[in-house]
Amino acid sequence: MKKFLLAMMGSFLILSILWIVGIKCQLGAATASSRWVYDAYQHKIHAAQAVKSPRVLVVAGSNAMFGIDSGMLENFWQKPVVNLAVNAGLGLPYILDVSRRVARPGDIILMPMEYALYLDAGKANAQVIDYVMARDLDYWRSLTRLQQLQYAAGLGPERWLHGLRQLPDSPVTSGTYGAHHLDARGDQTHSSPADRSAGDIAALKAAKAWDYGHRAATETGGWKWMENYAQWAKANNICVIAMPTVLLHHAKYDSDAEDQLFYNNLPARLTQLGLEYVGKPRDFMYEESWFFDTDHHLQDWAREKHTARLIALLQAREKTACGK
284 MKKFLLAMMG SFLILSILWI VGIKCQLGAA TASSRWVYDA YQHKIHAAQA VKSPRVLVVA
344 GSNAMFGIDS GMLENFWQKP VVNLAVNAGL GLPYILDVSR RVARPGDIIL MPMEYALYLD
404 AGKANAQVID YVMARDLDYW RSLTRLQQLQ YAAGLGPERW LHGLRQLPDS PVTSGTYGAH
464 HLDARGDQTH SSPADRSAGD IAALKAAKAW DYGHRAATET GGWKWMENYA QWAKANNICV
524 IAMPTVLLHH AKYDSDAEDQ LFYNNLPARL TQLGLEYVGK PRDFMYEESW FFDTDHHLQD
584 WAREKHTARL IALLQAREKT ACGK
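Under my numbering, think of the first position of the sequence shown as 284, with each following residue one higher.
The following block contains the structure:
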């Protein structure tokens, strides 16, 4: 029995050492799955850093990468605009952290955040775990030990082996997503009706209504993250303007009681947290013909119409509002 227990303890110790060594080997080991996001962020961050004067930064997930015309906003504000939006799958804490690292006093942040992000309580998912461990060791080092352990525990077997293999790290040069389809300001290109594939059309037709209203009523959400962000922005003389995201309209959003409550109350809820919010969420839900490949991604012509509506909201703000 004693020998058995010693053998068990020895095996556990060896496996623990191998696990720790394996984690260390994962850090900075590039993965193909994280490459397009990395390329997109590098493109956008370099564009923002190249501007020395106060800027307008767009902070959100890919709805804004497809849905914001930064050139139109630049003409409206008469100051440089850079679209930092990449992928909502990275989660609220990471997206906010990137914007904190890029923003400077005097900047304006436009935040057409996906509704799912407001409901993100901060638990790391497979996508942000993959990305951070492969590409952003500064963020990794900013995590607590407990958070790092949670990231490590979230690595699936396939991702674990991928990180250990140290495969070549080639830029993404094909497909819809990546820096190769971004303009100088960080907006998505190649999103015209002619660029849509049969797969894009089929994926959009399969899109279902989301249960954001029910989730908001039953989950903790990311409201504390947003409140802390508002306090950070105020302390650093950064103007944050939240606004509706782009979303494919479903009848459920008008008829479901929990959805009605969520969308109707969202502007006031964010205002209570210290953020300015312009517009009404349901006014920016569009029909299927406006979208490219998902229920959050507009076609290029629809992006212009959507941005014009956002500019109308910005023009109607109080003259004493920040960023005027």
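The beta carbon of each residue, even a glycine, is placed where N, CA and C say it ideally should be.
Contacting residues, own chain, Cβ-Cβ under 6 Å from Pro-550 (five flanking each side not counted): In the same chain as Pro-550, and ignoring 5 residues on each side of it, the C-beta atoms closer than 6 Å to its own belong to Tyr-560, in chain order.
For Leu-450, the first and last residue of its enclosing beta strand (DSSP E): Following the DSSP letters along the chain, one finds Leu-450 in no beta strand (DSSP E), marked with neither H nor E.
As assigned by DSSP and simplified to three states, the class of Phe-349: Here Phe-349 sits in helix by DSSP.
Segments assigned beta strand (DSSP E), at least 3 residues, entirely inside the region 520-606: 522-525
Limits of the unbroken alpha helix (DSSP H) element including Leu-393: It is not in any alpha helix (DSSP H) - Leu-393 instead sits in the beta strand (DSSP E) that spans 391-394.
Beta-ladder partner(s) of Leu-429, from DSSP: None; Leu-429 has no bridge partner.
Expected contact under 8 Å - CB spacing of Cys-308 and Leu-447 to nearest Å: 6 Å
Alpha-carbon to alpha-carbon, Leu-340 and Arg-387: Between Arg-387 and Leu-340, the alpha-carbon positions lie close to 10 Å from each other.
Val-369 versus Gly-311 - alpha carbon distance: 20 Å
Pairwise C-alpha distance: Gly-458 and Leu-581: 17 Å
Residue from Ile-392, Gly-374, Ala-313 whose Cα sits closest to the Cα of Leu-444: Closest by alpha carbon: Ala-313.
Environment of Asn-519 [buried if 16+ CB atoms lie within 10 Å]: exposed
Limits of the alpha helix (DSSP H) - the one that Val-385 falls within: 375-385
Residues near Ala-435 in its chain [Cβ-Cβ closer than 7 Å; skip 5 each side]: Setting aside the 5 residues that flank it on each side, Ala-435 is surrounded in the same chain by Ile-306, each with a C-beta closer than 7 Å to its C-beta; the list follows chain order.
For Gln-433 and Ala-407, believed in contact at Cβ under 8 Å, the rounded distance: 6 Å
Where the alpha helix (DSSP H) containing Leu-400 begins and where it ends: 398-401
Distance between beta carbons of Ala-404 and Thr-503, contact taken as under 8 Å: 5 Å
Nearest to Gln-361 (by Cα), restricted to the options Lys-588, Trp-508, Pro-337: Pro-337
Under 8 Å between C-beta atoms of Phe-574 and Leu-438: When the beta-carbon positions are compared, Phe-574 and Leu-438 stay at least 8 Å from each other.
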